[in-house]
Amino acid sequence: MNIGEALPDLRVQTTLGEISLSEYRGHALVVYFYPKDDTPGCTVEGIDFTQLHGEFLAAGCQVIGVSRDSLSSHARFVAKHHLSLTLVADVEEALCQAFGVIKAKSMYGKMVQGIERSTFLFDAKGMLQKVWRGVKVPGHAHEVLRAAQAL
30 MNIGEALPDL RVQTTLGEIS LSEYRGHALV VYFYPKDDTP GCTVEGIDFT
80 QLHGEFLAAG CQVIGVSRDS LSSHARFVAK HHLSLTLVAD VEEALCQAFG
130 VIKAKSMYGK MVQGIERSTF LFDAKGMLQK VWRGVKVPGH AHEVLRAAQA
180 L
C-alpha cells in the first residue's frame with residue numbers, strides 16, 4: 030500500500046466478530062501488523078497500543094492489530110495481557126497480501142515467509158496517510174498516536 034491509497038474493503042474475522050474494513054470509515058484507523066501472538070515484541074506492542082487506546086479514541090482513531098494467528102490464539106493473547114484492542118485473525122493472509130507485509134525473513138538460519146512488523150494510518154475518509162515498515166517496538170505506539178492526533 031502506498032500513501033493516498035484507499036483502505037481495502039475486505040471482510041475479516043476479528044475478536045469482535047466478522048466485519049468489513051469499510052465499517053471504520055468516518056474514523057481514523059491504525060492497522061498494525063505483528064508476527065505472532067504472545068511473543069516478546071508483539072506482546073510489548075499490544076500492551077503499548079492498549080495503554081494508549083483511550084488517547085487514540087479521543088483523537089477519533091480506532092486501532093486494530095493483525096497477525097496470521099487464529100481467533101482462539103487471539104482470545105488467549107487478549108485475556109492473558111488484558112489487551113483492549115480488536116485483533117484480526119488473518120489466517121488466509123488476505124489482509125497481509127493486500128498490505129504487502131509478507132516478507133522473506135531469516136529464522137534460525139532458514140528463510141521463511143513472515144509478517145514484517147508494519148503500521149498503516151488511514152484518515153477518516155479511509156485514505157492512507159502514513160506507513161511505518163520494519164517497526165522497532167519501543168516508542169512506536171506513541172509515534173503513531175502523535176501522527177493520528179495530527180490528522
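Per our numbering, the very first residue in the sequence shown carries number 30; after that it's consecutive. Glycine included, C-beta positions come from ideal geometry on N, C-alpha and C.
- In this chain, G94 is not harboured by any alpha helix (DSSP H); it is covered by the beta strand (DSSP E) spanning 90-96.
- Put simply, the segment 148-159 touches the segment 48-62. At least three CB pairs are less than 8 Å apart.
- Ranking A104, T115, G55 by CA distance to the CA of V41 puts T115 first.
- Counting the other CB atoms within 10 Å of its CB gives T68 a total below 16, which places it among the exposed residues.
- Taking a contact to require three or more Cβ pairs closer than 8 Å, the segment 165-177 and the segment 72-88 qualify as touching.
- For V107, the enclosing alpha helix (DSSP H) stretches over residues 100-110.
- By the CB criterion at 9 Å, G75 and G46 fall outside the cutoff.
- The shortest CA-to-CA distance from N31 to any of G155, H111, L174 is the one to G155.
- When rounded, the separation of the alpha-carbon atoms in S49 and A35 is 14 Å.
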